[in-house]
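These notes concern the structure reproduced below.
Numbering (our numbering), first residue to last: 10 to 72.
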């Protein structure tokens, strides 16, 4: 949300890139996770995307 507020509307492709960044650790560890349900909390999102949200230059996420 914060990235979208601070820049132009990020669009679907860039949103996909940010979602990949958010979920990359879970994706990498998925085969080792035995839980049936994983809850993504606001705190988890803030922790994983803190550097993106603080960095106004999101050009690395522009396709």
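Ideal placement from N, C-alpha and C gives every residue a C-beta, glycine not left out.
Keep in mind it's a predicted model, so treat the numbers as computed, not measured.
For residue i, the three-state DSSP class (helix, strand or coil)
i: residue 49; result: coil
i: residue 44; result: coil
Beta-carbon separation (whole angstroms), residue i vs residue j, contact threshold 8 Å
i: residue 47; j: residue 35; result: 7 Å
Inter-residue spacing [alpha-carbon to alpha-carbon] between residue i and residue j
i: residue 49; j: residue 31; result: 10 Å
i: residue 58; j: residue 44; result: 23 Å
i: residue 20; j: residue 39; result: 27 Å
i: residue 42; j: residue 52; result: 20 Å
i: residue 60; j: residue 33; result: 15 Å
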